[in-house]
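Only one structure is covered here, and it is reproduced in the block below.
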Amino acid sequence: MSGDEILRVEHLSMQFGGIRALHDVSLGVRRHSITALIGPNGAGKTTVFNCLTGFYRATGGSIRLHARGRSTDVLQVLGEPFRAGDFVNPRRFASRLRYKLFGGTHLVNRAGLARTFQNIRLFREMSVLENLLVAQHLWVNRNLLAGILNTRGFRRAEEQALEHAFYWLEVVDLADCANRLAGELSYGQQRRLEIARAMCTRPQLLCLDEPAAGLNPAETAALSRIIRTLRDTHEVTVLLIEHDMGLVMGISDHILVLDHGELIAEGPPAAIRHDPKVIAAYLGADEEELA
Amino acid sequence: MNMPERSSLDIRQPLLDSVLAGLVALVVFGPIVGVVLDGYGFNLQPARVAWIVGTVMLGRFLLSLFLHSASGRGWMQRFEGSGAGVQVLAPDYRSHLRWIVPLVLLAALIFPFFASKYLLTVIILGLIYVLLGLGLNIVVGLAGLLDLGYVAFYAIGAYGLALGYEYLGLGFWSVLPLAALAAALAGALLGFPVLRMHGDYLAIVTLGFGEIIRLVLNNWLSLTGGPNGMSVPAPTFLGLEFGRRAKDGGVPFHEFFGIAYDPNVKFLFIYAVLLLTVLLVLYVKGRLIRMPIGRAWEALREDEIACRAMGLNHVLVKLSAFMLGASTAGLAGVFFASYQGFVNPTSFTFFESALILAIVVLGGMGSTLGVVLAAFVLTVAPELLRSFADYRVLLFGMLMVLMMIWRPRGLIRISRRGFAQRPGVAP
Chain A
1 MSGDEILRVE HLSMQFGGIR ALHDVSLGVR RHSITALIGP NGAGKTTVFN
51 CLTGFYRATG GSIRLHARGR STDVLQVLGE PFRAGDFVNP RRFASRLRYK
101 LFGGTHLVNR AGLARTFQNI RLFREMSVLE NLLVAQHLWV NRNLLAGILN
151 TRGFRRAEEQ ALEHAFYWLE VVDLADCANR LAGELSYGQQ RRLEIARAMC
201 TRPQLLCLDE PAAGLNPAET AALSRIIRTL RDTHEVTVLL IEHDMGLVMG
251 ISDHILVLDH GELIAEGPPA AIRHDPKVIA AYLGADEEEL A
Chain B
1 MNMPERSSLD IRQPLLDSVL AGLVALVVFG PIVGVVLDGY GFNLQPARVA
51 WIVGTVMLGR FLLSLFLHSA SGRGWMQRFE GSGAGVQVLA PDYRSHLRWI
101 VPLVLLAALI FPFFASKYLL TVIILGLIYV LLGLGLNIVV GLAGLLDLGY
151 VAFYAIGAYG LALGYEYLGL GFWSVLPLAA LAAALAGALL GFPVLRMHGD
201 YLAIVTLGFG EIIRLVLNNW LSLTGGPNGM SVPAPTFLGL EFGRRAKDGG
251 VPFHEFFGIA YDPNVKFLFI YAVLLLTVLL VLYVKGRLIR MPIGRAWEAL
301 REDEIACRAM GLNHVLVKLS AFMLGASTAG LAGVFFASYQ GFVNPTSFTF
351 FESALILAIV VLGGMGSTLG VVLAAFVLTV APELLRSFAD YRVLLFGMLM
401 VLMMIWRPRG LIRISRRGFA QRPGVAP
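Going down the list, the sequences are from chains A and B. Quick note on the UniProt record's numbering: the first sequence kicks off at 1 and runs consecutively. Quick note on the UniProt record's numbering: the second sequence kicks off at 1 and runs consecutively.
Next up, the structure:
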């Protein structure tokens with residue numbers, strides 16, 4: 001079964017000074033599934049996300065991403081501190097040094113994981129298309145000389161990038177906004193643009209942080225259609241944090257429930273809906289009832 | 001929008017404005033102009049104060065009257081409307097610049113035949129600042145890294161020529177690329193450890209770096225000659241020198257071509273090479289902003305965290321901006337040194353960094369045309385207005401304040417390129 005997992009997290013823990021945000025969280029995300037991570041406010045959902053996507057360096061545990069035909073250790077590519085053993089093993093030392101100097105969050109993205117942000121982070125003063133072109137940075141012709149001389153190969157690569165950008169704009173239904181500034185789009189459009197931008201990095205695992213926050217019901221319905229399309233026709237795996245239970249129950253195959261930094265339940269939507277622990281976490285429960 | 005009350009011009013508001021301005025003028029100018037020290041005593045000069053306050057009140061009254069009229073309102077709206085940031089151009093938009101640029105080029109070509117030596121040197125200075133402005137524009141305007149020590153790279157270029165000539169016997173042409181390389185290398189050396197910092201911290205570190213370079217140049221007497229400076233060789237054209245007599249037996253330029261000796265020729269030559277360099281840098285910059293690397297710089301300015309989530313290595317992106325900006329300053333430094341024929345550390349003070357930064361801010365962050373215009377405004381105008389030399393910095397400050405009020409985003413509104421709609425293709 002684990003061979004079919006795109007992401008495997010073991011005993012993840014995260015500590016901010018004296019505050020223990022996550023404690024021994026182990027979870028797996030199956031390939032081509034839509035998995036939701038839910039939990040009450042402050043449960044540590046976004047912390048899990050930031051650890052997975054490399055924005056936080058987890059204080060313990062391991063995160064392995066199996067995408068793009070290889071297995072990536074997220075903690076390793078972020079750059080780990082040197083250990084005593086490294087100084088006698090030159091190869092390990094070199095790899096540590098390399099990741100310390102040039103490693104970082106961007107390598108997690110290059111390993112096939114893209115994310116969106118809870119508070120939208122678009123390049124606001126760039127046009128919608130340029131936002132998508134930036135995201136395709138690794139797939140265009142980055143040769144300085146070719147670009148300055150504007151060679152045919154460079155123009156072809158740019159043209160291709162534009163065509164892909166328009167493709168994703170059509171998927172998220174923003175094609176008529178291509179030449180507007182990203183910052184002047186409406187809230188719902190910005191959310192969709194962020195998903196398109198994440199998809200432009202050609203990920204295999206897409207992490208959406210509260211994609212439906214602030215959307216009206218029609219926009220939420222459109223969003224769930226888009227998420228399904230991404231999974232069905234583009235073969236990405238989707239992991240999302242969401243508070244909108246209608247959306248979560250409607251589209252996810254698997255739900256993980258987090259409370260107080262610990263995983264309290266997981267399973268298909270039908271099971272989670274009736275899980276007493278989940279209900280207790282959301283609604284509160286009498287002490288004796290839990291015991 | 002018709003305004004019926006427009007017919008009767010409201011006179012009360014302008015009167016009130018002018019009285020207020022008069023009071024402020026009285027407070028400001030009263031002690032400065034009205035009290036003139038005379039030994040240990042002082043003379044009161046009420047007439048002078050009255051004149052100044054009267055002028056201010058009249059001026060404020062007229063301005064206020066104008067701004068309350070219909071045409072004045074139109075003006076205000078134009079000013080306020082154009083301050084609104086960034087626009088995306090239509091895909092088929094063609095700039096009016098395609099008419100203006102050839103004309104400017106033509107003017108630049110015939111200009112040296114009519115200009116005096118003084119005017120020529122002023123324009124050379126202007127072009128040097130265009131180079132500096134373009135370089136800093138990459139760092140500050142595009143990549144959004146506040147660099148207050150930019151003059152250090154300028155100094156590296158200038159001293160590169162002086163030191164290269166003194167110790168290695170290198171000339172203008174060999175130093176020109178080497179200085180760009182050396183400055184870029186210095187940029188990388190400074191950049192790699194400090195580019196993990198943000199905003200204000202980066203500004204302070206770069207400020208320190210600028211001062212370190214200047215202090216080293218000032219104090220390393222045995223190498224750089226300290227405050228006495230160093231002399232710099234004149235450039236050569238295919239090995240021909242521009243002096244009256246060539247050194248060690250060569251043939252000077254004028255004898256080779258059989259023309260009369262003219263001391264201007266050296267400046268003409270620098271002008272020509274500098275103009276070509278500026279055009280080249282303008283072209284390269286124009287390409288860079290349409291290339292992945294230019295887009296990455298701007299994305300980094302907009303949101304560094306999102307950039308990292310897109311797989312961009314933010315350190316390398318910043319470093320490339322820093323190095324390219326620095327190399328442009330290195331080029332400018334070589335031209336500056338050979339134009340002056342002499343370098344010393346006083347040319348590379350913090351004020352110079354501030355001036356270059358002012359060029360970038362005045363022109364509009366990221367706008368190429370704006371930077372070119374601002375560089376000329378800020379370097380050529382003070383030269384032409386020599387008689388006001390004492391008020392230079394004052395005017396400078398006033399200009400900045402006016403800018404902040406009316407054009408907070410720079411003289412030239414930033415336009416982004418639009419793309420024609422095309423059918424999407426799945427990756």
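From the three backbone atoms N, C-alpha and C, an ideal C-beta is built for every residue, glycine too. The structure displayed is predicted, hence computed values, not measured ones.
Delimiting residues of the alpha helix (DSSP H) encompassing cysteine 177 of chain A: Neither: cysteine 177 of chain A is in no alpha helix (DSSP H) and is coded neither H nor E.
May I have a chain-ordered list of the alpha helix (DSSP H) segments no shorter than 4 residues that lie completely inside the segment 29 to 110 of chain A? 45 to 52, 74 to 77, 90 to 102, 105 to 110
Which residues mark the beginning and the end of the beta strand (DSSP E) in which arginine 416 of chain B is found? Per DSSP, arginine 416 of chain B belongs to the beta strand (DSSP E) from 414 to 416.
Residues in the segment 172 to 193 of chain A with C-beta within 8 Å of chain B's C-beta atoms, listed in sequence order? Result list: Ala175, Ala178, Asn179, Arg180, Leu181.
Would you decide whether threonine 53 of chain A is buried or exposed? Buried here means 16 or more other CB atoms lie within 10 Å of its CB. buried
Counting pairs of Cβ atoms below 8 Å between the segment 85 to 98 of chain A and the segment 254 to 263 of chain B, do you hit three or more? no
With DSSP as the reference, label glycine 199 of chain B as helix, strand or coil. helix
Taking 8 Å as the CB-CB limit, is leucine 129 of chain A close to chain B? yes
Interface flag, alanine 299 of chain B vs chain A, CB-CB below 8 Å: Taking Cβ atoms only, chain A reaches closer than 8 Å to alanine 299 of chain B, which makes this a yes.
Reduced DSSP secondary structure (H/G/I, E/B, other) of glutamate 211 of chain B: helix
Quick one: using the 10 Å Cβ neighbour count with 16 as the cut-off for buried, is leucine 303 of chain B buried or exposed? A quick correction: the sequence has aspartate, not leucine, at residue 303 of chain B. If you draw a 10 Å sphere on the C-beta of aspartate 303 of chain B, you find 16 or more other C-beta atoms in it, and that means buried.
List the whole-angstrom C-beta distance separating leucine 78 of chain A from glycine 104 of chain A, where the pair is believed to meet the contact cut-off of C-beta under 8 Å. 6 Å
Beta carbons nearer than 8 Å to chain B: which residues of the segment 85 to 105 of chain A have them? Phe102, Gly104, Thr105
Whose CA, out of B:Trp220, B:Trp75, B:Val139, B:Gly363, lies closest to the CA of methionine 404 of chain B? B:Gly363
Is the beta carbon of leucine 208 of chain A sitting closer than 8 Å to the one on leucine 240 of chain A? yes
Do you know whose CA, among B:Leu131, B:Leu238, B:Leu148, lies nearest glycine 208 of chain B's CA? B:Leu148
With a threshold of 16 other CB atoms inside 10 Å of the CB of threonine 55 of chain B, please say whether the residue is buried or exposed. Exposed, because fewer than 16 other Cβ atoms sit within 10 Å of the Cβ of threonine 55 of chain B.
Helix, strand or coil for proline 253 of chain A, going by three-state DSSP, please let me know. Note on identity: in this sequence residue 253 of chain A is aspartate, with proline being the wrong assignment. In the three-state reduction of the DSSP assignment, aspartate 253 of chain A falls in the coil class, being assigned neither a helical nor a strand state.
I'd like the ranges of any beta strand (DSSP E) spanning at least 3 consecutive residues and lying wholly in the segment 103 to 157 of chain A. Counting only runs of at least 3 residues, the segment 103 to 157 of chain A fully encloses the following beta strand (DSSP E) elements, listed from N- to C-terminal order: 113 to 115.
For leucine 22 of chain A, the nearest candidate out of A:His254, A:Asn50, A:Arg228, A:Arg8 (CA to CA): Measuring from the Cα of leucine 22 of chain A, the nearest candidate turns out to be A:Asn50.
Going by the beta-carbon positions, is the gap between glycine 424 of chain B and glutamate 163 of chain A smaller than 8 Å? Yes, these two residues count as a Cβ contact at 8 Å.
May I have a chain-ordered list of the alpha helix (DSSP H) segments no shorter than 4 residues that lie completely inside the segment 332 to 404 of chain B? 350 to 363, 368 to 384
Counting Cβ pairs closer than 8 Å, one from the segment 318 to 333 of chain B and one from the segment 389 to 401 of chain B, do we hit at least three? no
Between which two residues does the beta strand (DSSP E) harbouring leucine 240 of chain B extend? That residue, leucine 240 of chain B, is in no beta strand (DSSP E); it is neither H nor E in DSSP.
In whole angstroms, what separates the C-alpha of leucine 276 of chain B from that of isoleucine 270 of chain B? Going by the C-alpha atoms only, they are around 10 Å apart.
Looking only at its own chain, which residues have a Cβ that is under 6 Å from the Cβ of isoleucine 412 of chain B, when we skip the five neighbours before and after it? Excluding residues up to 5 positions away in sequence, Gly364, Ser367, Leu369, Gly370 lie with their Cβ nearer than 6 Å to the Cβ of isoleucine 412 of chain B in the same chain.
Would you mind sorting aspartate 259 of chain A into buried or exposed? The rule is 16 or more other CB atoms within 10 Å of its CB. buried
Since arginine 110 of chain A and proline 292 of chain B are thought to touch, with beta carbons under 8 Å apart, how far apart are those beta carbons, to the nearest angstrom? The beta carbons of arginine 110 of chain A and proline 292 of chain B sit about 15 Å from each other, so the pair does not count as a contact at 8 Å.
Do we get a CB-CB distance below 8 Å when we pair lysine 222 of chain A with the residues of chain B? First, the amino acid is wrong: residue 222 of chain A is alanine here, not lysine. Cβ-Cβ to chain B under 8 Å: no for alanine 222 of chain A.
For cysteine 200 of chain A, which option in B:Val86, B:Ile32, B:Gly22, B:Leu312 has the closest C-alpha, if you only look at C-alpha atoms? B:Leu312
Hey, is glycine 254 of chain A's beta-carbon within less than 8 Å of any beta-carbon in chain B? The displayed chain sequence assigns histidine, not glycine, to residue 254 of chain A. By this cut-off, histidine 254 of chain A is not an interface position.
Along chain A, in chain order, which residues have C-beta atoms closer than 8 Å to that of isoleucine 412 of chain B? What isoleucine 412 of chain B touches in chain A: nothing, since even the nearest Cβ is about 15 Å away.
Residue range of the alpha helix (DSSP H) that glutamine 189 of chain A falls in? 187 to 200
Within chain A, partners of asparagine 137 of chain B - CB distance below 8 Å: By Cβ distance, chain A contributes nothing, its closest Cβ being about 16 Å from asparagine 137 of chain B, past 8 Å.
Please classify leucine 16 of chain B: does DSSP put it in a helix, a strand, or coil? helix
From what residue to what residue does the alpha helix (DSSP H) around methionine 291 of chain B run? Segment: none, methionine 291 of chain B is in no alpha helix (DSSP H) and carries neither H nor E.
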